[in-house]
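One structure is given here, and the rest of the page talks about it.
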Amino acid sequence: MRRAAEAICPPATGPAQLLRSVSPRASTGTEHGRAAGRARVGGATLPCPYACTLTRCIMDRFGKLFLAMLARSFEDQPQEHVRALVQQRFSGQYIYGTQCQRCRRLSTRQESFYEIELSLQEHDTLEDCIRGLLVAETLTGDNQYHCDNCHQKQDALRTLSIQALPPVLHFQLMRFVFNVHTLERSKVDTAIRFPATIDMRPFMDDPGGAPMPYDLTAVLLHDGPQASCGHFVAHVSDAA
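Under the UniProt record's numbering, the residue at position 197 of the sequence shown is numbered 197, and the numbers go up by one with no gaps.
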């Protein structure tokens, strides 16, 4: 594994170029399949794997696009378990809630995800980042919510809860941010600590259930001084 030089940064690879370099075919190896099959949530002897992506650059949507492409490519497979492979292994479920502060009417919707996107602002651990994601947001002023029951805009409380997690869990830490004043992306150098094993049960919409342990199996790092240059380096556990 080669470490990128800080002083000399080659041009970053764009998402279109990267997508063209990825083969549209995919297969699952027997060893990987057995390892994934041993990972069960709730009462499992082995924690489920999770991956922590520490940066996002100009290709920050590639992971989602790649998994979506795999899901579409498997749709025509004759075996049902192959058709649903991506959703069963990598897809989780959010519940978004919006409650009008006048009439108290609550509207909810479900949304699937392939990765949990986390802000680094004012956080220094992975657990703190997750807690920050779940903090309720107050919609006021220009961001008021149009309540169908009140038939006008009202102050509202917006919440997000995690309803279901996949066997393989991805975190995407938002290390690259867009500056609206300079119209450029900058890199956030905040150090984030993450555990070898994390119990996701306290972060679920049902926090009182059985433990949901996940083992850290991979970390993707961006090695470079800024968003416009550098290299991505992957660290993968031998046990993965």
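Where is the CB? At the ideal position from N, CA and C, for every residue including glycine.
Treat the numbers as computed from the prediction; the structure is a model and nothing was measured.
Is residue i helix, strand or coil by DSSP?
i: Arg185; result: strand
i: Val236; result: strand
i: Val82; result: helix
i: Arg175; result: coil
i: Asp199; result: strand
i: Ala156; result: strand
i: Asp148; result: coil
i: Ala210; result: coil
i: Asp142; result: helix
i: Ala68; result: helix
Between residue i and residue j, how many whole angstroms is the CB-CB distance? I'm expecting something under 8 Å.
i: Gln101; j: Gln163; result: Actually they are not in contact, since the Cβ atoms of Gln101 and Gln163 sit about 24 Å apart, beyond 8 Å.
i: Ala71; j: Gln87; result: 7 Å
i: Ile95; j: Ser161; result: 5 Å
i: Pro211; j: Asp199; result: 5 Å
i: Ile192; j: Asp148; result: Contact doesn't hold; Cβ gap of about 40 Å is too wide.
i: Ile130; j: Phe203; result: 5 Å
Please list, in chain order, all residues of the same chain as residue i whose beta carbon is under 7 Å from its beta carbon, the five residues on each side excluded.
i: Arg89; result: Ala36, Pro166, Pro167, Val168
i: Cys150; result: Cys100, Arg102, Cys103
i: Leu139; result: Tyr145, Asp155, Ala156, Arg158
i: Phe74; result: Val82, Arg83, Leu85, Val86
i: Asp205; result: Ile95, Ser161, Ile162, Gln163
i: Met174; result: Arg56, Glu117, Leu118, Ser119, Leu120
For residue i, list the residues DSSP reports as bridge partners.
i: Met204; result: Ile162
i: Asp223; result: His231
Excluding the five sequence neighbours on either side, which residues of its own chain have a C-beta within less than 8 Å of the C-beta of residue i, listed in chain order?
i: Thr30; result: Here Thr30 scores only 27 on pLDDT, less than 50, and its place in the model should not be relied on; the value that follows carries that caveat. Cβ within range, chain order: n/a, list empty.
i: Glu137; result: Leu157, Arg158, Thr159
i: Ser112; result: Gln87, Ser91, Gly92, Gln93, Tyr94
i: Gly132; result: Leu118, Ser119, Gln121, Glu122, His123
i: Lys153; result: Gln144, Tyr145, His146, Cys147
Tell me which same chain residues have a C-beta within less than 6 Å of the C-beta of residue i, skipping the five on either side of it?
i: Val180; result: none
i: residue 244; result: Shown here, the chain extends from 1 to 240; a query on residue 244 therefore has no answer.
i: Val98; result: Rather than Val, the amino acid found at residue 98 in this sequence is Thr. Once the five neighbours on either side are set aside, the close Cβ partners of Thr98 are Ser107, Tyr145, Ala156, Arg158.
i: Asp128; result: none
i: Gln226; result: Lys187
i: Ala196; result: Leu216
i: Ala239; result: none
>> For a minimum of 3 consecutive residues, which ranges assigned as the beta strand (DSSP E) are wholly contained in the stretch 87-139?
In response: 92-100, 106-113, 116-118, 137-139
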